[in-house]
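In the numbering used here, the protein residues as written are 4 to 107.
Written out below as structure tokens is the structure these notes cover.
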């Protein structure tokens, strides 16, 4: 639950929680933010695409996107379609995740 995760991470600085449906749960102040690490655990292809569309353009060069559920064919296809024609390489991990390092 959000309470358990909040307690677990309470001693870390700059950890913020925005529960709700994405992307509607993103507060306005984050629209101009830059990110160095994003972990997408959206479970569904449509949500994953929304996450990639929001975060990828806001990633710093060398920033990392970690995607869960990469063993799901629809999520895998979403990553492939999104990054088609972009300079990033999809790095598949054997436990069902993918890593993308932002280029340029």
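Built from N, CA and C at the ideal position, the CB exists for glycine as well.
Here residue 53 is buried. Its C-beta has 16 or more other C-beta atoms within 10 Å. The beta carbon of residue 46 sits closer than 6 Å to the beta carbons of 72 from its chain, once the five residues preceding and following it are set aside; these are given in chain order. Separation of the CB atoms of residue 66 and residue 105 is rounded to 4 Å, and the pair is thereby assigned contact status at 8 Å. In the three-state DSSP reduction, residue 56 falls in the helix class (H, G or I). Pairing residue 42 with residue 88, the inter-Cα distance amounts to about 22 Å. For residue 82, the enclosing alpha helix (DSSP H) begins and ends at 76-86.
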